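Asker: Once you know that position 19 of the sequence shown is 19 in the UniProt record's numbering, the rest is easy, because the numbers rise by one and skip nothing.
Okay, handing you the structure first.
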Amino acid sequence: MTKISVVAFDGTRFDIDAENGSTVMENAIRNSVPGIEAECGGACACATCHVYVDEQWAEKVGSPEAMEEDMLDFAFDVRPTSRLSCQIKVRKELDGLVVHVPERQA
Numbered sequence: 001m002t003k004i005s006v007v008a009f010d011g012t013r014f015d016i017d018a019e020n021g022s023t024v025m026e027n028a029i030r031n032s033v034p035g036i037e038a039e040c041g042g043a044c045a046c047a048t049c050h051v052y053v054d055e056q057w058a059e060k061v062g063s064p065e066a067m068e069e070d071m072l073d074f075a076f077d078v079r080p081t082s083r084l085s086c087q088i089k090v091r092k093e094l095d096g097l098v099v100h101v102p103e104r105q106a
């Protein structure tokens with residue numbers, strides 16, 4: 001298991017034991033993190049699981065692929081570390097990952 005932390009907009013921190021191979025979005029949904037809507041169920045067809053990757057993790061998480069970048073165009077308040085949580089695969093190298101949920105989803 002890999003530990004990830006999802007910080008809701010109100011500052012509530014959800015520390016989650018995530019199975020490698022799952023996505024940050026799947027784990028946020030399973031743990032009822034507010035603000036992660038995931039309307040498309042993880043198909044990278046919307047921007048309702050938008051998160052900000054903590055600065056110290058941005059390089060390890062990596063940049064979005066072209067399709068994800070296109071979907072981020074529909075997200076609210078996109079920043080340099082914006083990602084769709086459905087596209088971040090949990091892996092042991094991400095143990096300790098911190099992501100933040102924006103004020104609202106698009």
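Using N, Cα and C, we set each Cβ at its ideal position, and we do this for glycine too.
Given the structure is predicted, the values throughout are model-derived calculations rather than measurements.
Please classify Glu103 as buried or exposed, where buried requires at least 16 neighbouring CB atoms within 10 angstroms.
Answerer: exposed
Asker: Return the residue from the list Cys49, Pro34, Asp73 that minimises the CA-CA distance to Val24.
Answerer: Cys49
Asker: Would DSSP call Ile36 helix, strand or coil?
Answerer: Ile36 falls in the coil class under three-state DSSP.
Asker: Within 10 angstroms of the Cβ of Glu65, are there 16 or more other Cβ atoms? Answer buried if so, exposed if not.
Answerer: exposed
Asker: Can you tell me whether Arg79 is buried or exposed, with buried defined as 16 or more other CB within 10 angstroms of its CB?
Answerer: exposed
Asker: For the alpha helix (DSSP H) containing Ile29, name the first residue and the last one.
Answerer: Unbroken alpha helix (DSSP H) run through Ile29: 24–30.
Asker: Pick from Gln105, Cys86, Arg91, Tyr52: whose alpha carbon is nearest that of Gly42?
Answerer: Cys86
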